[in-house]
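Number of protein chains: 2
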Amino acid sequence: MNDREAILSPYGEGDGGTQHIREAIRTAIVERRLSPGTKLSESDVGSLFNVSRTLARAALQALSYEGLVRVERNRGAFVAYPSPEEARQIFAARQLVEPGILRQAAGNITSDDISRLKQLLADEGKLMNERGQTARRAEIKASGDFHLEISALSQNLVLHRFMEELIARSSLVIALYGRSTASSCGHNEHEHILECLAKNNIDAACQTMLHHIEHIEADLDLRERRGVSLKEAFEL
Amino acid sequence: MNDREAILSPYGEGDGGTQHIREAIRTAIVERRLSPGTKLSESDVGSLFNVSRTLARAALQALSYEGLVRVERNRGAFVAYPSPEEARQIFAARQLVEPGILRQAAGNITSDDISRLKQLLADEGKLMNERGQTARRAEIKASGDFHLEISALSQNLVLHRFMEELIARSSLVIALYGRSTASSCGHNEHEHILECLAKNNIDAACQTMLHHIEHIEADLDLRERRGVSLKEAFEL
DNA sequence: GTGCAGATGATTGTATTCGATTTGTGCTCA
DNA sequence: TGAGCACAAATCGAATACAATCATCTGCAC
Numbered sequence: 001m002n003d004r005e006a007i008l009s010p011y012g013e014g015d016g017g018t019q020h021i022r023e024a025i026r027t028a029i030v031e032r033r034l035s036p037g038t039k040l041s042e043s044d045v046g047s048l049f050n051v052s053r054t055l056a057r058a059a060l061q062a063l064s065y066e067g068l069v070r071v072e073r074n075r076g077a078f079v080a081y082p083s084p085e086e087a088r089q090i091f092a093a094r095q096l097v098e099p100g101i102l103r104q105a106a107g108n109i110t111s112d113d114i115s116r117l118k119q120l121l122a123d124e125g126k127l128m129n130e131r132g133q134t135a136r137r138a139e140i141k142a143s144g145d146f147h148l149e150i151s152a153l154s155q156n157l158v159l160h161r162f163m164e165e166l167i168a169r170s171s172l173v174i175a176l177y178g179r180s181t182a183s184s185c186g187h188n189e190h191e192h193i194l195e196c197l198a199k200n201n202i203d204a205a206c207q208t209m210l211h212h213i214e215h216i217e218a219d220l221d222l223r224e225r226r227g228v229s230l231k232e233a234f235e236l
Numbered sequence: 001m002n003d004r005e006a007i008l009s010p011y012g013e014g015d016g017g018t019q020h021i022r023e024a025i026r027t028a029i030v031e032r033r034l035s036p037g038t039k040l041s042e043s044d045v046g047s048l049f050n051v052s053r054t055l056a057r058a059a060l061q062a063l064s065y066e067g068l069v070r071v072e073r074n075r076g077a078f079v080a081y082p083s084p085e086e087a088r089q090i091f092a093a094r095q096l097v098e099p100g101i102l103r104q105a106a107g108n109i110t111s112d113d114i115s116r117l118k119q120l121l122a123d124e125g126k127l128m129n130e131r132g133q134t135a136r137r138a139e140i141k142a143s144g145d146f147h148l149e150i151s152a153l154s155q156n157l158v159l160h161r162f163m164e165e166l167i168a169r170s171s172l173v174i175a176l177y178g179r180s181t182a183s184s185c186g187h188n189e190h191e192h193i194l195e196c197l198a199k200n201n202i203d204a205a206c207q208t209m210l211h212h213i214e215h216i217e218a219d220l221d222l223r224e225r226r227g228v229s230l231k232e233a234f235e236l
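These protein sequence lines are chains A and B, in that order.
If you count by the numbering used here, then the first sequence holds residues 1 to 236, one letter each, in order.
If you count by the numbering used here, then the second sequence holds residues 1 to 236, one letter each, in order.
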C-alpha cells in the first residue's frame, strides 16, 4: 500500500493533511468500517484527526467528487448510499472499460508482474479461509486491488484514476447489496484471468473478466431499500 | 446550457458560489480564454468573483480533481499544461470508452434526440463558417458538446461524468497541440455518426466514432514543448 | 564580476470567528 | 390531547486573521 501511494494520487499528492484524511476515510469506507449513510460531521472528522474544520471540509469535499461521500447543503456529509440504479451504472461502466484496460495491460505485462499478481492472489486466498469481519473486509479490499493492479499495468493514469473510483464505489455497493460471501467465487476467476495473461491468450482473459464482473453484479440483491430516499438511514 | 446544468453536476449541485466559480473557470479554460500554464492566484480568483479566498480555493481544488488545473504545494494553482503523454492517455481513454457509450446511447435514442442532435450539428456548422477567435472557440466547445450529448443519452451518470472530464481535457489538449482548424474535418464525421444512428447501424457508428477520435488525435502535434517543466510558462 | 547569505515581499496553508440555515424541543392554545 | 409556533442548539457556509513557505532582491565577500 506504500508504493501504490504515488500512483493513487497523480495530481497534487502533497496537500498536507487533507490527503491523509482523505485516504483514511476512503479506506475506512472501502473496508466497511464506515457504513453507508453514516454522518461525517466536519467537526468530528476534524477533531478526530486533530485538524481544523477547514481541512476536514476539504477532505470531505474531495471524497464527494469520488462519489464516496454525499454532501448536502447545510446538512453535512454522509457516507454515500448508492442507489440500485447507481450500482447498475457503476457495473455497466466496469463492463465497458475493464476489458479494454485488460487488453492494454496485457501489452505491457512482464513475467515479474505476473508473479507479483500471483502472490497477491495467494494472499487473497489466505484471507478467504479466515473467518471474521476483518478478514472479510480485507478480502473485499484485496479483491479490488487485483483490478487496480491490472489498471496500473495499462500505464494510463487517466484510466487508472477512473478505475480507482469505480473500484471504491463497487466496494461500497457490495457492502450494501452483497448477498453472500460469494465474492470468493470471484477469486477463481482472478486466477483464471491471470493464467490467460500468462499464456498470452488475451481474448480469453477479456471474456473471463466480463463474466467475472457479471458474476459480482449477479450476486447483488439490487432492490430499493428505502422508499423515498436514504434520509431515514441517517438517524440510525 | 441551462438544463444541462442538472446533468453536469450530479453530486452536490448547490455548494453556493463555489460551483459557479468552478463552472466559469472551466468554461474559460475549455474555450481557450485561459491558456495553459496561466497562474490562477487564489486572491485574484476570489476578488474577480467577489468572494473570499476560501471559495476560490475550493473551486480551484475542485478543478484540480478534473485535471484542468494543477495545484502545486506552496506555489499555487495553474491552468493545466498537459504533457504529450497525458494527451495520448486521454485519447486512448476516449477510444476505449466512446464506442461503448455510443452503443448504449443507441439503445436509448429517440427520433426526437436525433433531430435535436441534427440541430446541434447545424449550429456547429454555422460557427465553422465564421471567422475569428470567438467562433473558433465556440466551435471547439460545440464539437465537444456533441460527444457529451451522446454520453448523456447513455443514461449512465458515471460514464457521463467521466466523459465530461475527458472532453474538457481534450479541449485543453487541442488548444495546446492543435495543428490546424482541422477540427472541422470532424464535423462531417459527427454527421456521419448521426446518420448511422438514424439508420440503426450501430456498428458503423462505432467504427466512425473510432476513426473520428483517431483523426482528432492525428491532427495534434504531440511534441514536448518544454525541456524540464512548465515553469517558464508561468512567467509569461 | 560572480557567488553566496540574509532580508523582504508575496502567496499559500491552516485556524479561528462570525453569520446563516436547519433541526429539535417545549410551550401555548384550541 | 394534539397541532402549531417560537425559541434554542447544533451544524454548516464563508470571511478574516495569523503562520509558514517560497521566490526574489540586495549587499557583502571573494
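For each residue, glycine too, the CB sits at the ideal point set by N, CA and C.
Quantities reported herein were computed from a predicted structural model and do not represent experimental measurements.
| query | result |
| --- | --- |
| Determine the direct distance from the alpha carbon of residue 130(B) to that of residue 147(A), and round the result to whole angstroms. | 48 Å |
| Does the Cβ of residue 170(A) have 16 or more other Cβ atoms within 10 Å, making it buried, or fewer, making it exposed? | buried |
| At the 8 Å Cβ level, is residue 55(A) part of the contact set with chain B, yes or no? | no |
| What are the partner residues of residue 71(B), as DSSP defines its beta bridges? | 77(B) |
| Quick one, which of 117(B), 142(B), 150(B) has its alpha-carbon nearest residue 128(B)'s? | 142(B) |
| What span of residues does the alpha helix (DSSP H) with residue 61(A) cover, start to end? | 53-66 |
| Assuming residue 38(A) and residue 91(A) form a contact by the criterion Cβ under 8 Å, report the distance between their Cβ atoms to the nearest whole angstrom. | The pair is not a contact, with the Cβ atoms about 23 Å apart (cut-off 8 Å). |
| What residues from chain B crowd round residue 162(A), counting only those whose CB sits closer than 8 Å? | 93, 162 |
| With respect to the alpha helix (DSSP H) encompassing residue 169(B), which residues constitute its N-terminal and C-terminal limits? | 157-177 |
| Between which residues of its own chain and residue 43(A) is the CB-CB distance below 8 Å, once the five residues before and five after are set aside? | 53, 56 |
| Indicate whether at least one CB of chain A lies closer than 8 Å to the CB of residue 15(B). | yes |
| Taking residue 114(B) as the reference, which of 192(B), 159(B), 45(B), 157(B) has the closest Cα? | 192(B) |
| In angstroms, rounded to a whole number, what distance separates the CA positions of residue 73(B) and residue 16(A)? | 8 Å |
| So is residue 218(A) buried or exposed if we call it buried at 16+ other beta carbons inside 10 Å? | exposed |
| List the DSSP bridge partners of residue 40(B). | 77(B) |
| Given a limit of 7 Å on CB to CB distance, which residues of the stretch 147-180 of chain A reach chain B? | 156, 157, 158, 159, 162 |
| Helix, strand or coil: which one does DSSP assign to residue 222(A)? | coil |
| Is the Cβ-Cβ distance between residue 197(A) and residue 121(A) less than 8 Å? | no |
| Answer with yes or no whether the minimum CB distance from residue 100(B) to chain A is below 8 Å. | yes |
| From residue 138(B) to residue 31(B), what distance separates their C-alpha atoms? | 7 Å |
| What did DSSP end up calling residue 32(B) once you bin it into helix, strand or coil? | coil |
| Rounding to the nearest angstrom, what Cα-Cα distance links residue 208(A) and residue 112(A) in this structure? | 22 Å |
| By Cβ distance, which residues of its chain are closer than 6 Å to residue 155(A), with the 5 residues on each side in sequence left out? | 108 |
| Going by alpha carbons, who is nearest to residue 85(A) out of 177(B), 158(B), 223(B)? | 158(B) |
| Quick check: what's the CA-CA separation for residue 76(B) versus residue 41(B)? | 6 Å |
| Smallest Cα separation from residue 68(B): which of 119(B), 201(B), 176(B)? | 176(B) |
| Do you know whose CA, among 99(A), 151(A), 190(A), 58(A), lies nearest residue 118(A)'s CA? | 190(A) |
| Between the beta-carbon of residue 21(A) and the beta-carbon of residue 59(A), is there less than 8 Å? | yes |
| Looking at the secondary structure, which residues open and close the alpha helix (DSSP H) in which residue 131(B) lies? | Note, residue 131(B): premise wrong, no alpha helix (DSSP H); not H, not E. |
| Is residue 27(A) helix, strand or coil by DSSP? | helix |
| Within the 8 Å Cβ cut-off, does residue 21(B) reach chain A? | no |
| Can you list, in chain order, the residues of its chain with a C-beta nearer than 8 Å to that of residue 213(A)? Leave out the 5 residues immediately preceding and following it. | 91, 94, 95, 98 |
| Quick check on DSSP: helix, strand or coil for residue 145(B)? | helix |
| Counting only C-beta atoms, is residue 81(B) closer than 8 Å to chain A at any point? | no |
| May I have the straight-line CA-CA distance separating residue 221(A) from residue 179(A), to the nearest angstrom? | 6 Å |
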